[in-house]
Amino acid sequence: MATVLIDKLLQAAVKQGASDIHIVVGQPPVFRLHGRMRKLETKVLEPDDTMALMKSIAPERCQRELQEAGGSDFGFAFGGLARFRVSIFKQRGNISMVLRQIPNSMLSFDQLGLPSKVGELCMRPRGLFLVTGPTGSGKSTTLASMINYINETVDHHIITIEDPIEFYHYHKKSTVNQREVGNDVPSFAEAIRRALRQDPDVILVGELRDLETIEAAITAAETGHVVFGTLHTNSAQGTVNRIIDVFPAAEKDRVRAMLSESIVAVISQTLLKTKDGQGRVAAHEIMLGTNAIRNLIREAKVAQMYSTIQTGNNVGMQTLDQNLTDLVRRNVISATEARAKAKIPENFPG
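Residues in the sequence shown are numbered from 1 upward in steps of one, following our numbering.
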């Protein structure tokens with residue numbers, strides 16, 4: 001019964017364009033559609049249902065981790081229709097699951113609302129390129145499109161390090177190796193260190209989550225590789241601060257110097273509901289590693305970064321609020337929606 005149910009659920013999610021499926025005891029499955037939670041009109045799930053659903057898709061390794069650590073993450077393909085990133089966990093002694101749908105097709109920069117300058121930045125021979133934003137803001141989708149752009153444009157060796165692997169990349173002009181943490185390699189930091197011996201041009205680090213990983217990523221970026229990574233921060237300023245704050249006081253100056261040398265760009269994004277309620281659109285803050293920005297990082301004047309981004313339109317920089325203003329002006333989103341995400345909400349009366 002569980003396999004039938006999971007297939008039907010996944011099929012319905014793909015058909016309706018749900019971004020997530022929530023499976024929890026005590027209510028029917030719930031879809032997140034265009035940012036809103038919608039309960040399905042089916043039976044209320046019992047403990048046995050959620051257990052059977054979990055067992056029907058979770059690999060043995062993840063079922064063991066669920067028992068030992070109370071949770072596990074993995075990715076799996078639903079035929080040729082879509083891939084899902086799954087988080088299984090225990091709550092009140094029962095099994096819950098959240099399945100995030102990963103689109104099968106890669107989006108272009110234009111479809112993502114990114115300027116064409118991003119393509120130029122992806123072609124840099126070395127440096128650190130960060131995509132940041134809250135959970136569910138589409139960071140993985142943006143990174144996947146950047147990797148795909150490189151893959152279609154030049155003959156590079158691309159190594160991705162993810163937990164779990166989300167988008168599958170096939171060899172096009174480039175050769176792509178995708179390593180899954182916990183399956184192919186024990187940790188992000190270990191995978192980056194190994195990658196340096198694997199003749200890479202581009203390294204994608206799924207998440208810069210601890211000192212060891214951040215240090216390994218910055219070192220790789222400094223030694224002649226392009227390193228893409230993500231952080232759960234909401235602005236370029238917050239991103240730089242987060243990276244530096246991870247390190248002990250005695251090392252902060254060294255890290256500032258390394259970061260100022262290696263930073264290519266920080267794109268911070270957030271998803272907003274469109275005015276017609278039929279979908280979502282991303283808004284971006286874009287900071288480029290110009291000489292002015294590098295100096296502010298080196299001299300610990302990160303607070304001045306915002307005004308440098310604000311006045312850097314001529315080189316391709318923009319603040320989130322500038323992008324939100326443009327989306328409101330073009331009638332894509334409402335002023336109310338913009339105000340909820342803006343850095344300076346009073347700029348969006350309505």
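Glycine is no exception: its CB is placed at the ideal position from the N, C-alpha and C atoms.
Bear in mind the structure is a predicted one, so any value in this text is a computation, not a measurement.
Output needed for residue 44: all residues of its chain with C-beta closer than 7 Å, excluding positions within five of it in sequence on either side, in chain order. Residue mapping note: residue 44 aligns to position 44 of the sequence shown, counting from 1. For residue 44, where only same-chain residues beyond five positions count, the Cβ hits under 7 Å are 26, 27, 28.
For the beta strand (DSSP E) that residue 255 lies in, which residues bound it at each end? Position 255 of the sequence shown, counting from 1, holds the residue named residue 255. Counting along the chain, residue 255 falls outside any beta strand (DSSP E), though it belongs to the alpha helix (DSSP H) covering 252-262.
Please list the terminal residues of the continuous alpha helix (DSSP H) segment that includes residue 351. This structure cannot speak to residue 351, because the chain is shown only from 1 to 350.
Local Cβ density within 10 Å of residue 256, reported as buried at 16 or more and exposed below that: Translated into positions along the sequence shown, residue 256 becomes position 256. So residue 256 counts as buried.
Extract the residue ranges of the beta strand (DSSP E) inside the region 8-90, only unbroken runs of 3 or more that lie entirely within it. Listed in chain order, they are 20-23, 30-33, 36-39, 71-78.
Contact check, residue 287 vs residue 296 under 8 Å by CB: the rounded distance? The residue labelled residue 287 in the question sits at position 287 within the sequence shown. The residue labelled residue 296 in the question sits at position 296 within the sequence shown. 10 Å between Cβ atoms; not a contact.
In whole angstroms, give me the CA-to-CA distance for residue 188 and residue 211. Residue mapping note: residue 188 aligns to position 188 of the sequence shown, counting from 1. Residue mapping note: residue 211 aligns to position 211 of the sequence shown, counting from 1. Their Cα atoms are separated by approximately 11 Å.
Can you name the residues that DSSP bridges to residue 127? The residue given as residue 127 occupies position 127 in the sequence shown. Answer is 226, bridged to residue 127.
So residue 217 and residue 205 are in contact, right, with Cβ under 8 Å, and what is the actual spacing, rounded? To locate residue 217, count along the sequence shown from 1; it is residue 217. To locate residue 205, count along the sequence shown from 1; it is residue 205. In this structure, residue 217 and residue 205 form a Cβ contact; the two beta carbons are roughly 5 Å apart against a cut-off of 8 Å.
Hey, residue 101 and residue 18: beta-carbon distance below 8 Å or not? Counting from one through the sequence shown, the residue named residue 101 turns up at place 101. Counting from one through the sequence shown, the residue named residue 18 turns up at place 18. For residue 101 and residue 18, yes; Cβs fall inside 8 Å.
Who are residue 156's beta bridge partners in DSSP? As a working note, residue 156 is residue 156 in the sequence shown. Residue 156 is not bridged to any residue.
Name the one or two DSSP bridge partners that residue 268 has. Here the question's residue 268 lines up with position 268 in the sequence shown. DSSP lists 132, 285 as partners of residue 268.
Whether residue 16 touches residue 33 by CB criterion (8 Å): For the purposes of this step, residue 16 is taken as residue 16 along the sequence shown, with counting starting at 1. For the purposes of this step, residue 33 is taken as residue 33 along the sequence shown, with counting starting at 1. Yes, the Cβ-Cβ distance between residue 16 and residue 33 is below 8 Å.
Closest residue to residue 114 among 138, 97, 126 (Cα-Cα distance): What you label residue 114 is simply residue 114 of the sequence shown in a count that begins at 1. Closest by alpha carbon: 138.
Classification of residue 315 by the beta-carbon crowding that lies within 10 angstroms, buried from 16 upward: Position 315 of the sequence shown holds residue 315. Label assigned to residue 315: exposed.
Among residues of its own chain, excluding the 5 on either side of residue 300, which ones have a beta-carbon nearer than 7 Å to its beta-carbon? For the purposes of this step, residue 300 is identified with residue 300 of the sequence shown, where counting begins at 1. Excluding sequence neighbours, residue 300 sits near 256.
Helix, strand or coil, according to DSSP, for residue 344 in the structure here? As a position in the sequence shown, residue 344 is number 344, starting the count at 1. In the structure shown, residue 344 sits in coil (DSSP, three-state: anything other than H, G, I, E or B).
Note the first and the last residue of the continuous alpha helix (DSSP H) segment covering residue 322. As a position in the sequence shown, residue 322 is number 322, starting the count at 1. Looking at the DSSP string, the run of the alpha helix (DSSP H) that includes residue 322 is 320-329.
Beta-carbon gap between residue 131 and residue 213 smaller than 8 Å: For the purposes of this step, residue 131 is identified with residue 131 of the sequence shown, where counting begins at 1. For the purposes of this step, residue 213 is identified with residue 213 of the sequence shown, where counting begins at 1. No, they are not a contact pair.
Excluding the 5 residues flanking residue 182 on each side, which residues of the same chain have their C-beta closer than 7 Å to its C-beta? Here residue 182 corresponds to residue number 182 of the sequence shown, with the count starting at 1. Hits under 7 Å: 163.
Quick check: the region 231-242 against the region 260-280, are there 3 or more CB pairs under 8 Å? yes
Residue burial classification, residue 127 (beta-carbon count within 10 angstroms, cutoff 16): In the sequence shown, residue 127 corresponds to position 127, counting from 1. Looking at its Cβ environment, which holds 16 or more other Cβ atoms inside 10 Å, residue 127 is buried.
Can you find the residues in the same chain that come closer than 8 Å, C-beta to C-beta, to residue 14, ignoring five residues on each side of it along the sequence? Locating residue 14 in the sequence shown gives position 14, counting from the first residue. If we look at residue 14 and ignore the five residues flanking it on each side, its Cβ neighbours are 78, 81, 82, 101.
Tell me whether residue 171 is buried or exposed, calling it buried when 16 or more other Cβ atoms sit within 10 Å of its Cβ. Position 171 of the sequence shown holds residue 171. With fewer than 16 Cβ atoms within 10 Å of its Cβ, residue 171 is classed as exposed.
Given a cut-off of 8 Å, decide if residue 141 and residue 107 are closer than it, judged by their beta-carbon atoms. Position 107 of the sequence shown holds residue 107. Position 141 of the sequence shown holds residue 141. Yes; because the gap between Cβ atoms is below 8 Å, this pair is in contact.
Within 10 angstroms of its Cβ, does residue 307 collect 16 or more other Cβ (buried), or is it exposed? On the sequence shown, position 307 is the one that residue 307 refers to. Residue 307 is exposed by the Cβ-count criterion.
Residue closest to residue 232, alpha-carbon to alpha-carbon, out of 133, 118, 290: As a position in the sequence shown, residue 232 is number 232, starting the count at 1. Residue 232 has its Cα closest to that of 133, out of 133, 118, 290.
Based on Cα-Cα distance, which residue from 117, 57, 248 lies nearest to residue 88? What you label residue 88 is simply residue 88 of the sequence shown in a count that begins at 1. Ranking the options by Cα distance to residue 88, first place goes to 57.
Based on the DSSP secondary-structure assignment, which residues constitute the bridge partners of residue 180? To locate residue 180, count along the sequence shown from 1; it is residue 180. For residue 180, which the question treats as bridged, DSSP gives the partners 162.
Should residue 253 be labelled buried (16 or more other beta-carbon atoms within 10 Å of its own) or exposed? Counted from its first residue, the sequence shown places residue 253 at position 253. So residue 253 counts as exposed.
If you follow the beta strand (DSSP E) that residue 94 is in, where does it begin and where does it stop? Taking the sequence shown and counting its residues from 1, one reaches residue 94 at position 94. Counting along the chain, the beta strand (DSSP E) containing residue 94 begins and ends at 94-102.
Please say whether residue 185 and residue 158 have beta carbons closer to each other than 8 Å? Translated into the one-based positions of the sequence shown, residue 158 becomes position 158. Translated into the one-based positions of the sequence shown, residue 185 becomes position 185. No. Outside cutoff.
Would you mind sorting residue 49 into buried or exposed? The rule is 16 or more other CB atoms within 10 Å of its CB. The sequence position of residue 49 within the sequence shown is 49, counting from 1. Sixteen is the threshold: when 16 or more other Cβ atoms of the shown chains lie within 10 Å of the Cβ of residue 49, as they do, the residue is buried.
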